[in-house]
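Numbering-wise (the working numbering), the sequence shown opens with residue 0 and increments by one. We put the CB at the ideal spot given by N, CA and C, even for glycine. Here is the structure we will look at.
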Amino acid sequence: MIILDGNKVSNEIKDEIAEHVKVMISKGEKVPHLAAILVGSDGASMTYVNAKVKACQRIGFNSTLIELPEYISEKELLDKINDLNTNQDIDGFIVQLPLPKQIDEQKVLMSINPDKDVDGFHPSNVGKMTLDLPTFLPATPYGIMELLERYQVETSGKNVVVLGRSHIVGRPISILMSQKRKAGDATVTVVHSRSKNLSEITKKADIIVAAIGISEFLTGDMVKDDVVIVDVGITRVPDATKSNGYRLAGDVEFESVSKKASYITPVPGGVGPMTIAMLLKNTLLARERQRVF
Ligand code: GUN
0 MIILDGNKVS
10 NEIKDEIAEH
20 VKVMISKGEK
30 VPHLAAILVG
40 SDGASMTYVN
50 AKVKACQRIG
60 FNSTLIELPE
70 YISEKELLDK
80 INDLNTNQDI
90 DGFIVQLPLP
100 KQIDEQKVLM
110 SINPDKDVDG
120 FHPSNVGKMT
130 LDLPTFLPAT
140 PYGIMELLER
150 YQVETSGKNV
160 VVLGRSHIVG
170 RPISILMSQK
180 RKAGDATVTV
190 VHSRSKNLSE
200 ITKKADIIVA
210 AIGISEFLTG
220 DMVKDDVVIV
230 DVGITRVPDA
240 TKSNGYRLAG
250 DVEFESVSKK
260 ASYITPVPGG
270 VGPMTIAMLL
280 KNTLLARERQ
290 RVF
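Pasting the structure below:
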């Protein structure tokens, strides 16, 4: 069993980007600038956004964190987004999801300038991705593709089962892996909360991408020998033996599934760090595009 080490690969990618930044600086060019909007004080979202900002600092990007109160109105948030859309100094930005109930998420995503949409969530970028046109790929699916590619996991002609149909992970990874591209050319099945005979489907999978948001959902009896496992889930599970009172669990029961797997991502240290690395890569792309046009 081989661990798909997201920490290691994401560090390699960040080093590659940092080298690129050094060249930009030596040529007197502007370095990429990422902004992140965080609404409210959800613990997990704060952790993710802070990790994104810290990663920018490590590789020499400029970064701006915009923290807005939980009770902000939709109009105020849209105004803030409009500021970023027109601010020439900002190359790309993200609005961390989920958003509070009073705010229409789709309206917010549609208000982001597609050229600065480094999360790749704007409908025009989703459309381009679906048509295999050049665009920003959403960071988590992009990170999964990159991880599979760098470990040379064969995907062509393989049965891939994606657990979950979210707009952020399940849906886009199912599209990307079925396309004619690196880490693609697979036969993809998407299963979700209404799917029947789930175990029968997962047992036929050569590769499983678990993004269903239920901790330790996929167990060893649901997979075949030598399966490749990509675990996107990350949930805090109460654990009295830990000083902080919890441990982090994925959507996969690592103990039982890893015994059968040929490759598996750990949680933490698998997909999570890859998401951050690919967001940085998209921000670099956004800067390069602005320079060209
Ligand atoms: N919430 C969970 N994952 C993501 C992500 O990749 N981008 C944003 N903006 N919010 C998220």
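Per-residue burial, residue i [other beta carbons within 10 Å of its own, 16 or more giving buried]
{"i": "I228", "result": "buried"}
{"i": "R170", "result": "buried"}
{"i": "T134", "result": "buried"}
{"i": "Y245", "result": "exposed"}
{"i": "D224", "result": "exposed"}
{"i": "T154", "result": "buried"}
{"i": "V236", "result": "exposed"}
{"i": "H191", "result": "exposed"}
{"i": "Q95", "result": "buried"}
{"i": "G142", "result": "buried"}
{"i": "I1", "result": "exposed"}
One or two residues paired with residue i in a DSSP bridge
{"i": "R246", "result": "V236"}
{"i": "E66", "result": "L37"}
{"i": "I1", "result": "Y262"}
{"i": "L217", "result": "V251"}
{"i": "D230", "result": "A209"}
{"i": "V48", "result": "V48 pairs with nothing; no bridge assigned."}
{"i": "V189", "result": "V161"}
{"i": "H32", "result": "N61"}
Residue i: first and last residue of the uninterrupted beta strand (DSSP E) it sits in
{"i": "V117", "result": "Segment: none, V117 is in no beta strand (DSSP E) and carries neither H nor E."}
{"i": "N158", "result": "N158 to L162"}
{"i": "G91", "result": "G91 to V94"}
Opening and closing residue of the alpha helix (DSSP H) in which residue i lies
{"i": "G59", "result": "Taken as a continuous stretch (DSSP letters only), G59 belongs to no alpha helix (DSSP H), as it is neither H nor E."}
{"i": "T201", "result": "L197 to T201"}
{"i": "V168", "result": "Element bounds for V168: n/a, residue is neither H nor E."}
{"i": "D131", "result": "It is not in any alpha helix (DSSP H) - D131 carries neither H nor E in the DSSP assignment."}
{"i": "S141", "result": "Note on residue identity: the sequence assigns Tyr, not Ser, to residue 141. First-last of the alpha helix (DSSP H) with Y141: A138 to R149."}
* To do: Decide if the stretch 203-211 is in contact with the stretch 243-261; the criterion is three or more beta carbon pairs, one per stretch, under 8 Å apart.
  => yes
* Asked: Around the ligand GUN, what residues have a beta-carbon under 6 Å from a heavy atom of it, in chain order?
  -> I93, V94, Q95, L96, D118, A138, T139, I167 and T274
* Asked: Below 8 Å, can you find three or more Cβ-Cβ pairs linking the stretch 64-74 to the stretch 111-131?
  -> no
* Any contact of the stretch 272-291 with the stretch 85-95, i.e. 3+ C-beta pairs under 8 Å? -> yes
* Inter-stretch contact at 8 Å, needing at least 3 Cβ pairs: the stretch 31-39 / the stretch 269-289 -> yes
* Evaluate the contact criterion for the stretch 186-202 versus the stretch 251-267: three or more CB pairs, one atom per stretch, below 8 Å. => no
* Inspect the CB distances between the stretch 53-61 and the stretch 12-26 and report whether three or more fall short of 8 Å. => yes
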